[in-house]
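Residue numbers (numbering that gives the first Met the number 0): 0 to 342.
Note that the Cβ used here is the ideal one computed from N, Cα and C, for glycine as well.
Below you'll find the structure, written out as structure tokens, and then a few comments.
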Amino acid sequence: MNYYEPKYLRGVIQKVLPLRQFFHVRFFPENVLFATETVSIEYARGMRKLAAYTSPRFGGVMDSREGYEVRTYHTPYLLPMRVITNDTLAQKLLGEQPYNSGMTPEDRAAQIAANDIMELQDRIMRREEYMCARCIQDGALEVKGPGVNDIVDYGFTGIETTQSGDKWTAGYDLIGKLSDTAQAMRKNGTNPDMLILGSAAANAFLSNSKVSKIMDMRQVDMGAINPRDLEDGVMYIGRLAVPGFVGDIYSYDEYYTDDDGTEKPLVDPSTAVLISSRARNSMLYGAVTYIDVKTGEYVTEMNQYVPYTNYSVNPPVKEIYLASRPLPMPKDLDSWRVLKEVV
């Protein structure tokens, strides 16, 4: 068996247990494959126009069709890779017996290839979660790396930077602020039912006197504090019912390691996001083109993750690549609002 064949490597991908990704799974659940590197998305903003009254004697009233906007994006390119050399095969694997393990270099090659693919896919999936988180918090996505420095601008206008007089202090009218923001979203056709908080925003929310007062009114079912831990740094804080907003409150305290090796929170600590769990968003995947080392011909694949290999004879080196072109794509730019620097 050739352990470096794309068919074998794809089998490894199918066996990988997917990471639980809060933003990706909750808000970008649909995976859409494209045959090109660029994708075009049509945006239409809904209106609540009423049908006009008329008399049977006057006939129909002209009703204009709503227009839409088309935006074209170039899907970002992810290509993590691993190198396997003779020295790699000569070293024992993690957990392998140091002496007389019975594992040949060929056996080791198969295990190394499988482990590499699983770890590369893990890297890509973490990047996807990061992309979804930045899309929600910034309404834009910075794509920066070797040979690329670009901004994906979704045209999102629902970000509000909190001024000094509106910081979430203990006595601030936080319930009124959340209610006003939710009401504004409802005017645009969105019913928010989730509030996602960074770590500092969550502490300020729970310390707010007006929030505590409403949460304690159990007898009228205005809300309840019921923290319980969920996966991947997500904590369910409780449920709140105020004018304009009836939904659940979460804190997301997951971290990632940045390109410079620094650990950073996935959700900015002082950020709050009001969002609808029914937001119709997608993760788009552009096509990946590479050269088949057997034929020397270009191959284009429509897939989430595309494995392929390269090699050299002198020196003897195998290179394992896992390519992907993901791009989170919101379909309704009115389905969430972001409050930044609340603390």
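Here's a check: name, in chain order, each residue in its chain whose Cβ is nearer than 7 Å to the Cβ of residue i, leaving out the five neighbours to either side.
i           : result
residue 250 : 196, 198, 201, 234, 236
residue 190 : 275
residue 132 : 22, 265, 266
residue 119 : 79, 81, 321
residue 27  : 131, 280, 281, 282, 327
residue 185 : 243
At which residues does the beta strand (DSSP E) containing residue i begin and terminate?
i           : result
residue 326 : 325–328
residue 237 : 233–241
residue 246 : 244–251
residue 305 : 305–311
residue 55  : Residue 55 -> no beta strand (DSSP E), and no H or E assigned at all.
residue 362 : Absent from the structure is residue 362, since the part of the chain shown begins at 0 and ends at 342.
residue 74  : Segment: none, residue 74 is in no beta strand (DSSP E) and carries neither H nor E.
residue 264 : 262–264
residue 78  : Careful: residue 78 lies outside any beta strand (DSSP E) and carries neither H nor E.
residue 144 : 139–144
Using only alpha-carbon positions, find the residue among the options that is nearest to residue i.
i           : options            : result
residue 246 : 252, 273, 269, 232 : 273
residue 350 : 240, 159, 116, 179 : Because the chain is modelled from 0 through 342, residue 350 falls outside the range shown and cannot be assessed.
residue 281 : 120, 325, 170, 261 : 325
residue 265 : 315, 252, 341      : 252
residue 35  : 286, 294, 342, 305 : 286
residue 243 : 78, 118, 183, 299  : 183
residue 167 : 209, 145, 323      : 209
residue 308 : 314, 318, 300      : 318
residue 292 : 77, 37, 310, 193   : 310
residue 74  : 25, 284, 270       : 284
residue 171 : 194, 154, 203      : 203
residue 153 : 144, 162, 145, 134 : 134
residue 126 : 185, 110, 113, 144 : 144
residue 313 : 25, 85, 24, 37     : 85
residue 255 : 113, 123, 105      : 123
residue 306 : 157, 315, 288      : 288
residue 355 : 147, 128, 136, 108 : Nothing about residue 355 can be read from this structure; the chain reaches only from 0 to 342.
residue 192 : 38, 334, 37        : 334
residue 162 : 176, 156, 121      : 176
residue 239 : 268, 205, 232      : 205
According to DSSP, simplified to helix, strand and coil, what is residue i?
i           : result
residue 202 : helix
residue 21  : helix
residue 26  : helix
residue 217 : Confidence is the limiting factor: at residue 217 the pLDDT is only 47, short of 50, which leaves the residue's position unreliable, though a coordinate-based value still follows. Looking at residue 217 - three-state DSSP - the assignment turns out to be helix.
residue 332 : coil
residue 119 : helix
residue 153 : coil
residue 212 : helix
residue 296 : coil
residue 190 : coil
residue 113 : helix
residue 278 : coil
residue 269 : coil
residue 36  : coil
residue 322 : strand
residue 301 : coil
residue 108 : helix
residue 159 : strand
residue 207 : coil
residue 286 : coil
residue 340 : coil
Between which two residues does the alpha helix (DSSP H) harbouring residue i extend?
i           : result
residue 179 : 173–186
Using a Cβ-Cβ cut-off of 6 Å (strictly less than) and excluding sequence neighbours within five positions of residue i, which residues of its own chain qualify?
i           : result
residue 263 : 257
residue 70  : 40
residue 149 : 142
residue 216 : Here the model assigns residue 216 a pLDDT of 45, short of 50, so the residue's position is not dependable, and the following value carries that caveat. Contacts found: none.
residue 241 : 174, 178
residue 301 : 32, 34, 286
residue 343 : Lying before the first or after the last residue shown, residue 343 is absent from the chain, which here runs from 0 to 342.
residue 271 : 196, 200, 338, 341
Take the Cβ of residue i as the centre, count every other Cβ of all protein chains shown within 10 Å, and call the residue buried at 16 or more, exposed below.
i           : result
residue 29  : exposed
residue 218 : Residue placement at residue 218 is flagged as unreliable, the pLDDT there being 39, under the threshold of 50; the coordinate-derived value follows with that caveat. Looking at its Cβ environment, which holds fewer than 16 other Cβ atoms inside 10 Å, residue 218 is exposed.
residue 328 : buried
residue 275 : buried
residue 164 : exposed
residue 278 : buried
residue 391 : No information on residue 391 is available, as it lies outside the stretch 0 to 342 that the chain covers here.
residue 344 : Outside the shown range of the chain, which is 0 to 342, sits residue 344, and nothing can be said about it.
residue 105 : exposed
residue 138 : buried
residue 169 : exposed
residue 298 : exposed
Here's a check: name, in chain order, each residue in its chain whose Cβ is nearer than 8 Å to the Cβ of residue i, leaving out the five neighbours to either side.
i           : result
residue 296 : 290
residue 115 : 81, 83, 319
residue 147 : 75, 76
residue 268 : 197, 198, 199, 200, 342
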